[in-house]
Amino acid sequence: MTGPVVILFGPPASGKSTLSEQLVAKRNARLFRLREYVQSLPEAETAVLKGTSRDSLGWLPDDIATQLVHDAISGPFQPGETPVVFEGYPGNGVQSRHLADLLTRLDVSATVIHLRADWATALQRAQLRRVCLHCEPTATGQPHKPAQVTTADTCARCGNTLLQRQDDNPDRLSSRTQRFTSRLPEIYTALTGHGIPWRTVDSHPPACEVLAVALDAVSNCPSTRSSQ
Ligand SMILES: [Zn+2]
């Protein structure tokens, strides 16, 4: 039986990471994040990607992003017994059509969970979020994964001083949110046009209700399109 693919979207700081990590913990899902996938590639490949021009928000060109996703789905993220969660991907209509075509060809069913968060909530969440340069050393010097914060505002794992994620400063957060909002209609059209069901969930409180919807989406997602 082929586990479903869950496409998890939401504006920055809407709680995607938390939700996808819960799906990993509770459904043994495999989590695809383009950024982390790129970092996991052999050095020769990442070196090539380093020479690629990214846009102002750090995005790879579509032809490269879609090739990477194609490779990932043919490799470590091949749909199988456990669900695959695509977090924050696809990012536009081109990427959406590519992914939907790929899943259709593989006869894999997919479902979309769109976390909706208002700007005030997202901004507040982003302001509280911290990252640890010591626990997540990166080539760019810009750690991304939220760290566990102690009451003394240090890293719960290593005790070092934490930083705010560069992407979370209000200007950058606002640009990223605007981009998400502007691309959402074309993503919606492309994915639902391929028959992929779409659920919008308020990411506001309580986290357990959001999780319940997500778990339901995973369980109710038929194993293959043909069984729909
Ligand atoms: Zn740390």
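Just so you know, the sequence shown maps onto residues 168 to 395 in our numbering. Heads up, the beta-carbon is just placed ideally off N, CA and C, and yes, glycines get one too.
Cutoff 7 Å; reference V385; Cβ partners in own chain excluding five residues on either side:
P171, V173, L190, R194 and P250
Bridge partners for P313 per DSSP, in chain order?
V298
In this structure, what does DSSP give as the bridge partners for F253?
Bridge partners of F253 according to DSSP: I174 and F199.
If you compare alpha carbons, which of N259, L266, D222 and Y256 is closest to S241?
L266
Out of L282, R343 and D338, which has the shortest C-alpha to C-alpha gap to R366?
L282
Is any heavy atom of ligand 1 found at a distance shorter than 8 Å from the C-beta of N336?
no
What number of angstroms, rounded off, separates the C-alpha of I276 from the C-alpha of G362?
The displayed chain sequence assigns Ser, not Ile, to residue 276. So the alpha carbons of these two residues sit roughly 9 Å apart.
Backbone CA spacing between P310 and T344 [nearest angstrom]:
20 Å
Short of 6 Å in beta carbon distance, which residues of its chain neighbour D230, apart from the five on each side in sequence? Order them along the chain.
none
Can you say whether T278 is buried or exposed, counting buried as having 16 or more other CB atoms within 10 angstroms of its CB?
buried
Report the partner residues of W365 according to the DSSP bridge assignment.
According to DSSP, which records beta bridges pairwise, W365 is partnered with V279.
Buried or exposed: which applies to E254, given that a residue is buried once 16 or more other Cβ atoms fall within 10 Å of its Cβ?
buried
Would you mind working out which of T307, S341 and V252 sits nearest T413, comparing C-alpha positions?
In the structure as shown, the chain starts at 168 and stops at 395, and residue 413 therefore has no counterpart that could be examined.
Any C-beta of chain C sitting closer than 9 Å to the C-beta of D238?
Within the model displayed, chain C is absent; a lone protein chain is all it includes.
What distance in whole Å lies between the Cβ atoms of V298 and L329, which are believed to be in contact at a cut-off of 8 Å?
7 Å
Start-end ranges of the beta strand (DSSP E) lying completely within the stretch 184-233, minimum 3 residues
197-199
Figure out for me which residue from F176, A180 and L175 has the closest Cα to the Cα of R339.
A180
With which residues is L330 paired in a DSSP beta bridge?
The beta-bridge partner set that DSSP reports for L330 consists of V298.
Please state whether DSSP places C322 in a helix, a strand or coil.
strand
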